[in-house]
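Asker:
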């Protein structure tokens, strides 16, 4: 690994819809190879932040630098080059419903590289397996999959081009606890083996405690605090205190400590 | 910096090995795939691979490298790359095989059979659905508390009022075209004046109602399918059911009643527009004054023909609404399904309208009206 460098740099970001200001002077740095969890109350603009970074939402002011490219002023070709190196897992999967899982996974490969069909099928099968889906899932249509499988299929598609950065919007929402824990482990494994940087929006406290290197709290239209969880949960702010010291937060922390006690490193 | 990956067969003191170098990434995959296939023919299974010279490597490259090694040892990797290779090796399996295609002739017969069965099933389900609508209608009409005036007014505006401009314009234009066409043929017989009969007859009995029905099938029937279809795919129809409401009563009846009211009214406008179109052509191009036009229309017995035409409008309205709503309920899951059923709804509605119109023409001819 090289020395920590920033793969995402957001400076002075401002987003507003009509009179409603969502972000004001928001700064955020994410380093290569880390998993950053973004938390915040409903309506605090987590998804808008994600959309601003990946270029789906044009900010009113400020700059977004992604993998060394200033996205707000980049040409279409430059943007496309950077977007190719980002994988995005949308909240509801956003799989193309008229294509099978394997075909969904092949879409980015087909669009960006000229590969023989047999080779694409092979890589698609590999990505589907990496995402933890059984072998026969590739031939299925999204409507035939359960909620957890849809998330994994969407993950397979977002991994199709071996991205440097993976954006996940509430990956464990709607999964059962076993499925959610397995998904957390999957993200960890992929990060270790593929060297991914992960930008993760979540409400799942277990996910935060299990896999995140750093946590960013989005509140009062900016990143209120960012750092390792142990620092963030001590931050002196009523919302942060209630979030991490509430019954659910304490339960998740206790569960994590039990887990560590059970498997001493 | 970016160098396409390569691999060469080399020999050393302890036997032959393959030295891999360059970037083993998805971008270079086609060339690497060919290289790997070529090398595998030349070397024995499980040959040792020295991967120390590799630049960048991703999962696609790892897959190809493992393919080349074919169970053999891959050396010269740092910890991160070893982890990547292990992760890929752990989940590797044969690509999902596509179901084999059957011979095309048999497949052709199969598709023909399925399509024929589908036609029969569609007719069967439509009859069932019409029965269901009638039963619900009979249950709902006597109970004013279950009427839905707001929804009815909304659909009246959407399917009726908003359709007025296009219906009027289209019929006016077709009226003018038919008048020109008729006059051209009739002129040879010195019977240009019969253009009035042609216009009156065709628009009052057939064109007015049929053109309106086709327009409404394309405009409102398709909208009904898409509306109900997207509600179905987002489980809104199920939600209606669990709230103790009847989807037929909530979704179908307001649309059906709106069309039952709107289509006859639109048909009257269509007939008028068609005749006006003919009269305008008559007045300006054929020297048939508007007074003469109206007098001849009255001699024709226009009222009788008007009733023949307008009597078909409610029937068309009922069928278009029923088909549009039924196709909406058939939607399942995907966005593609909404599209397929919307197309099917329009095609069926137009087909059924023309078929019923033909049957009605024979019926009225036989009873001598």
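Residue numbers (our numbering), protein chains in the order written: chain Z, 89 to 353; chain B, 161 to 529. All C-beta atoms, glycine included, are put in the ideal place defined by N, C-alpha and C. Note that the structure is predicted; figures quoted are calculated from it, not measured.
List the endpoints of the continuous beta strand (DSSP E) containing residue 150/Z.
Answerer: Element bounds for residue 150/Z: 149 to 154.
Asker: From what residue to what residue does the beta strand (DSSP E) around residue 98/Z run?
Answerer: Counting along the chain, the beta strand (DSSP E) containing residue 98/Z begins and ends at 94 to 105.
Asker: Please state whether the Cβ-Cβ distance between residue 520/B and residue 490/B is less than 8 Å.
Answerer: Cβ atoms of residue 520/B and residue 490/B: not closer than 8 Å.
Asker: In chain B, which residues lie with their C-beta within 8 Å of the C-beta of residue 143/Z?
Answerer: By Cβ distance, chain B contributes nothing, its closest Cβ being about 22 Å from residue 143/Z, past 8 Å.
Asker: Note down, one range per segment and in chain order, each beta strand (DSSP E) of at least 3 residues found wholly within the region 192 to 265 of chain Z.
Answerer: Entirely contained in the region 192 to 265 of chain Z, the beta strand (DSSP E) runs reaching 3 residues are, in chain order, 253 to 257.
Asker: Using beta carbons (cut-off 8 Å, strictly below), is residue 366/Z in contact with chain B?
Answerer: Outside the shown range of chain Z, which is 89 to 353, sits residue 366/Z, and nothing can be said about it.
Asker: Out of 425/B, 437/B, 164/B, which one is the CA nearest neighbour of residue 216/B?
Answerer: For residue 216/B, the nearest C-alpha among the options comes from 164/B.
Asker: Quick check on the burial criterion: 16 or more other C-beta atoms within 10 angstroms. Buried or exposed for residue 266/Z?
Answerer: Flag for residue 266/Z reads exposed.
Asker: List the DSSP bridge partners of residue 174/Z.
Answerer: DSSP, once it has assigned bridges, lists 253/Z as partnering residue 174/Z.
Asker: Secondary structure at residue 182/Z, three-state DSSP: helix, strand or coil?
Answerer: Reduced to three states, the DSSP call for residue 182/Z is coil.
Asker: Closer than 7 Å by C-beta to residue 554/B: which residues in its own chain qualify, once you throw out the five before and the five after it? Chain order, please.
Answerer: Residue 554/B lies beyond the stretch modelled for chain B, which goes from 161 to 529, so this question has no answer here.
Asker: Using a Cβ-Cβ cut-off of less than 9 Å, list which residues of the region 486 to 498 of chain B approach chain Z; keep chain order.
Answerer: Going along the region 486 to 498 of chain B in chain order, one finds 492, 493, 494, 495, 496, 497 with a Cβ nearer than 9 Å to chain Z.
Asker: Can the beta-carbon of residue 243/Z be found closer than 8 Å to that of residue 286/Z?
Answerer: No.
Asker: Please confirm whether residue 141/B has its beta-carbon closer than 8 Å to some beta-carbon of chain Z.
Answerer: In the structure as shown, chain B begins at 161 and stops at 529. Residue 141/B is therefore absent and cannot be evaluated.
Asker: Of the residues that make up the region 234 to 254 of chain Z, which ones have a beta carbon closer than 7 Å to any beta carbon in chain B?
Answerer: Of all residues in the region 234 to 254 of chain Z, 249, 250 have a Cβ within less than 7 Å of some Cβ in chain B.
Asker: Residues of chain B with CB closer than 7 Å to the CB of residue 271/Z, please, in chain order.
Answerer: Going along chain B, no residue has its Cβ under 7 Å from residue 271/Z, so there is no contact; the nearest lies around 16 Å.
Asker: Could you check the C-alpha separation between residue 459/B and residue 370/B for me, to the nearest Å?
Answerer: So the two alpha carbons sit approximately 24 Å from each other.
Asker: In whole angstroms, what is the alpha-carbon distance linking residue 171/Z and residue 140/Z?
Answerer: Their Cα atoms are separated by approximately 13 Å.
Asker: Give the residues of chain B in contact with residue 201/Z, contact being defined as C-beta atoms less than 9 Å apart.
Answerer: Residues of chain B passing the Cβ test: 186, 187, 189, 190.
Asker: Output the distance between the C-alpha atoms of residue 409/B and residue 308/B, rounded to the nearest integer angstrom.
Answerer: Their backbone Cα atoms lie some 9 Å apart in a straight line.
Asker: Output the distance between the C-alpha atoms of residue 428/B and residue 437/B, rounded to the nearest integer angstrom.
Answerer: Each residue's Cα considered, the two are about 14 Å apart.
Asker: Using DSSP with H/G/I as helix, E/B as strand and the rest coil, what is residue 252/B?
Answerer: In the structure shown, residue 252/B sits in coil (DSSP, three-state: anything other than H, G, I, E or B).
Asker: Let me make sure I understand the geometry here. Which of 257/Z, 251/Z, 310/Z, 261/Z has the alpha-carbon closest to that of residue 284/Z?
Answerer: If we check each option's Cα against that of residue 284/Z, 251/Z comes out closest.
Asker: Is residue 396/B close to chain Z? Criterion is C-beta to C-beta, closer than 8 Å.
Answerer: False, the Cβ-Cβ gap to chain Z never drops below 8 Å.
Asker: So with Cβ pairs under 8 Å, would you call residue 165/B a contact of chain Z?
Answerer: By this cut-off, residue 165/B is not an interface position.
Asker: Which ranges would you report for the alpha helix (DSSP H) in the region 285 to 312 of chain Z if only whole runs of at least 4 residues count?
Answerer: Runs of the alpha helix (DSSP H) inside the region 285 to 312 of chain Z: 293 to 299.
Asker: For residue 361/B versus residue 433/B, is the C-beta distance shorter than 8 Å?
Answerer: Contact: no.
Asker: Using three-state DSSP, classify residue 330/Z as helix, strand or coil.
Answerer: DSSP places residue 330/Z in helix when its eight states are reduced to three.
Asker: What do you get for residue 196/Z, buried or exposed, if any count of 16 or more other CB atoms within 10 angstroms of its CB means buried?
Answerer: The residue in question, residue 196/Z, is buried, as its Cβ has 16 or more Cβ neighbours within 10 Å.
Asker: Does the region 418 to 425 of chain B come close enough to the region 474 to 484 of chain B to have 3 or more Cβ pairs within less than 8 Å?
Answerer: Cβ pair count under 8 Å is three or more, so yes.
Asker: Should residue 193/B be flagged as near chain Z, meaning a C-beta pair shorter than 8 Å?
Answerer: Yes, its Cβ sits closer than 8 Å to a Cβ of chain Z.
Asker: Given that a residue counts as buried once 16 or more other Cβ atoms are within 10 Å of its Cβ, and exposed if not, what is residue 515/B?
Answerer: With fewer than 16 Cβ atoms within 10 Å of its Cβ, residue 515/B is classed as exposed.
Asker: Counting only C-beta atoms, is residue 244/B closer than 8 Å to chain Z at any point?
Answerer: Yes, because at least one Cβ of chain Z sits closer than 8 Å to the Cβ of residue 244/B.
Asker: With DSSP as the reference, label residue 344/B as helix, strand or coil.
Answerer: Residue 344/B falls in the helix class under three-state DSSP.
Asker: First and last residue of the alpha helix (DSSP H) that includes residue 520/B?
Answerer: 495 to 526 is the extent of the alpha helix (DSSP H) around residue 520/B.
Asker: In chain order, which alpha helix (DSSP H) runs of at least 4 residues are fully inside the region 430 to 498 of chain B?
Answerer: Here the runs fully enclosed are 450 to 459, 462 to 490.
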